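> Position one of the sequence shown corresponds to residue -2 (this note's numbering), numbered consecutively onward.
Every residue gets a Cβ at the ideal spot worked out from N, C-alpha and C, and that includes glycine.
All values reported here derive from a predicted model rather than from experimental measurement.
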Amino acid sequence: MSGMRSKLSPYELGVRTPMFVRWPGKVPPLRDDETLASIIDFVPTILEVCGVPVPAELPSLNLLDRKAMTARQSISLAASTHDIADLDRPAMSLTARMVIDGWTKLLLPGAASAEMKRAAAPTQPELFDLKADPLETTNLAAQKPEEVARLGHSLDAWWKVE
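(1) Report the option in H150, K157, A154 and L105 whose CA atom is closest to the CA atom of N136.
(2) For W20, which residues does DSSP report across the bridge?
(3) Among G99, A129, T120 and L124, which residue has its Cα nearest to the Cα of A139?
(4) So, under 8 Å CB-CB, S90 and S77 are touching, yes? Tell me the CB distance rounded to an integer number of Å.
(5) Can you name the start and end residues of the beta strand (DSSP E) that K128 belongs to?
(6) Could you tell me the distance, in whole angstroms, from the CA atom of A68 to the CA atom of P7?
(7) Measuring straight from C-alpha to C-alpha, what distance separates V49 and T134?
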């Protein structure tokens, strides 16, 4: 792990974003530091709030559905450059693919060239225990190859990069 960490990087300080919602009578006060959510979860949430049917094929959850949100065990993410490398091959802009499963996070290198990367990105598989190491300083990949393989298969099922 090297380079500057920022909102462009796939590390926690780049992908974790606090969210505040205030909607008296609709959303009860709650602090939740553990439920996995994604920006794509805003789509079904807003559609539901507006009374618009939510397409079943959306790969996201309504943020107001606490039961569904707390049942989510893992979430896959991608980090990419802000410049598009190749319109026909979107993976060429990837700096990393990630999966967070419970408190375990796997980062795999993306296909973006070194010149395209403007922030820290993995150059090899990186595995972290976010509970014990929230700043992702200790790569556990060499100690847990079976976990890297399991989570790597999960990432490939979500987005296989050729």
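With the structure as the only source:
(1) Translated into the one-based positions of the sequence shown, residue 136 becomes position 139. If we check each option's Cα against that of N136, L105 comes out closest.
(2) Indexing the sequence shown from 1 puts residue 20 at position 23. In the DSSP output, where bridge partners are listed per residue, W20 has V24.
(3) Along the sequence shown, one-based indexing puts residue 139 at 142. Closest by alpha carbon: L124.
(4) Within the sequence shown, the letter at position 93 stands for residue 90. Within the sequence shown, the letter at position 80 stands for residue 77. Going by Cβ atoms, the distance from S90 to S77 rounds to 4 Å, so yes, they are a contact pair.
(5) One-based indexing of the sequence shown puts residue 128 at position 131. If you look at K128, you'll find it isn't in any beta strand (DSSP E); DSSP assigns it neither H nor E.
(6) Against the sequence shown, residue 68 aligns to sequence position 71. Against the sequence shown, residue 7 aligns to sequence position 10. Those two C-alpha atoms are separated by around 24 Å.
(7) Working through the sequence shown from its first residue, we reach residue 49 at position 52. Working through the sequence shown from its first residue, we reach residue 134 at position 137. A straight line joining the alpha-carbon of V49 with that of T134 spans about 44 Å.
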